[in-house]
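In this note's numbering, the protein residues as written are 9 to 168.
Where is the CB? At the ideal position from N, CA and C, for every residue including glycine.
In this text, all values refer to a predicted model and were calculated from it rather than measured experimentally.
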Amino acid sequence: MTTGGFSSKGLLEEEAVLKLPSLTNTDALEIGEIAATLGKQRKLPIAIEVRIGEWIVFHASLEGSKPENDWWINRKVSVVMLKHHSTMFERVSAEERGADWHKENGVTDETHAIHGGALSLITEEGFKGILIISGLPQVEDHLLAVEVLTEFLARKGELL
9 MTTGGFSSKG LLEEEAVLKL PSLTNTDALE IGEIAATLGK QRKLPIAIEV RIGEWIVFHA
69 SLEGSKPEND WWINRKVSVV MLKHHSTMFE RVSAEERGAD WHKENGVTDE THAIHGGALS
129 LITEEGFKGI LIISGLPQVE DHLLAVEVLT EFLARKGELL
C-alpha cells in the first residue's frame, strides 16, 4: 500500500494535534530549520519549503535533491492551497471514497499532486501556511513533516 495504512479520520486527528500557536516568519524559519537539520543528519535527498499563504519563507534543497523536487513541491502546494488539508489526507480520503480526486476538483495531476509530504499549517485562526517535504516516498515525506511539526510544538511547550 502506497499510503502507509493511514485513514482520513486519523489524518484529521493528526491535523488537530499539530495545530500551531502562531505562524510568524520566525516560526516558519524555525520549522524549516528543524526539517533541514533532520534531513542533513539523516543524509536525506530532500527539498523543504515553508510557506505563509503563498509566500515562500523558507526553502532548502539538501544534498541529493533534484530540480524536479521544486515541481513536486509546487504541485503539492496547489492541493493544500485548494483544500487546506494535507496532501496525504486528500489522497487517502479520495481512495476511501473510491473517488477521482482530480476530476472532483476540476484540476489535473500535472498541476496538483495528491502525494504525501505537504502539511497545512493551522492556527486557532485557521489555515495559515504549508510545510512541504519532497524527495522521499510519499509516506516518508509525510512522516518527516509530522516529525518536524511535532518537534517544533515540543520546543514551544505545546505538546505533552
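Would DSSP call residue i helix, strand or coil?
i, result
"T32", "coil"
"I122", "coil"
"I7", "No information on residue 7 is available, as it lies outside the stretch 9 to 168 that the chain covers here."
"A68", "strand"
"K27", "coil"
"G12", "coil"
"K164", "coil"
"L90", "helix"
"S73", "coil"
"L157", "helix"
"T131", "strand"
"G114", "coil"
"G18", "helix"
Answer yes or no: do residue i and residue j have a C-beta to C-beta separation smaller than 7 Å?
i, j, result
"G137", "I60", "yes"
"S128", "H150", "no"
"V88", "F14", "no"
"V65", "A36", "yes"
Measure from the alpha carbon of residue i to the alpha carbon of each residue in the options, then state which is nearest.
i, options, result
"E76", "S128, S15, F160 and A121", "A121"
"L144", "G124, I130 and L161", "G124"
"A55", "L139, E155 and T116", "L139"
"I81", "Q146, E38, D35 and F97", "Q146"
"F114", "S86, L46, I130 and A153", "At residue 114 the sequence reads Gly, which differs from the Phe that was named. Comparing Cα-Cα distances from G114 to each of S86, L46, I130 and A153, the minimum goes to S86."
"T131", "T95, D78, E166 and K74", "E166"
Please classify residue i as buried or exposed, where buried requires at least 16 other C-beta atoms within 10 Å of its C-beta.
i, result
"G40", "buried"
"S30", "exposed"
"M9", "A caution first: M9 carries a pLDDT of 47, below 50, which makes its placement in the model unreliable, though a value can still be read off. By the neighbour-count rule (16 or more Cβ atoms within 10 Å), M9 is not buried but exposed."
"G72", "exposed"
"G18", "exposed"
Subject >> Given 8 Å, three or more beta-carbon pairs between the region 24 to 41 and the region 104 to 112 >> reply: no
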